[in-house]
Amino acid sequence: MAQANRVTVSGRLIELDALRYTPARVAVLKFRLQHDSSQTEAGGARKVSCEIAAVAFEREARLLAAAKLGSSVTVTGFLAAKNRSSRTLLLHATEIEFVEGE
Numbered sequence: 023m024a025q026a027n028r029v030t031v032s033g034r035l036i037e038l039d040a041l042r043y044t045p046a047r048v049a050v051l052k053f054r055l056q057h058d059s060s061q062t063e064a065g066g067a068r069k070v071s072c073e074i075a076a077v078a079f080e081r082e083a084r085l086l087a088a089a090k091l092g093s094s095v096t097v098t099g100f101l102a103a104k105n106r107s108s109r110t111l112l113l114h115a116t117e118i119e120f121v122e123g124e
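Put into structure tokens, the structure is as follows:
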């Protein structure tokens, strides 16, 4: 049975590291997203506000490298551990969509 691991979240770019390259010449960029929304839980409204650590590779990394802080984006990707020795989650962005007018 396939295991689901797909996340879509919107927010503002609040931190953009410099574009860098791995030894294999793969473009990579770490960033942070500020997410604010209202969700329904247990029949009531709940305000959600959080920062999400993320990383993008290749095309998405180059798109983000040209972005401005504060830009509104919708990010789709998957969750994985930050590294082998950490259980901290990191969103791996596989699709970046810039939201105009926000």
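Residue numbering for the sequence shown follows my numbering, starting at 23 and increasing by one per position. For every residue, glycine included, the Cβ atom is placed at its ideal position computed from N, Cα and C.
| Asked | Found |
| --- | --- |
| Contact set for Leu-2: own chain, Cβ-Cβ below 8 Å, skip 5 residues either direction | Only positions 23 to 124 of the chain appear in the structure, and residue 2 is not among them; the question remains open. |
| Residue range of the beta strand (DSSP E) that includes Glu-119 | 111-120 |
| Host alpha helix (DSSP H) of Ser-87 (start-end) | Checking the sequence, you will find Ala at residue 87 rather than Ser. Where Ala-87 is concerned, the enclosing alpha helix (DSSP H) stretches over 80-87. |
| Limits of the unbroken beta strand (DSSP E) element including Ser-60 | 49-63 |
| Closest by C-alpha distance to Ile-36, when choosing among Glu-80, Ser-93, Glu-117 and Ile-118 | Ser-93 |
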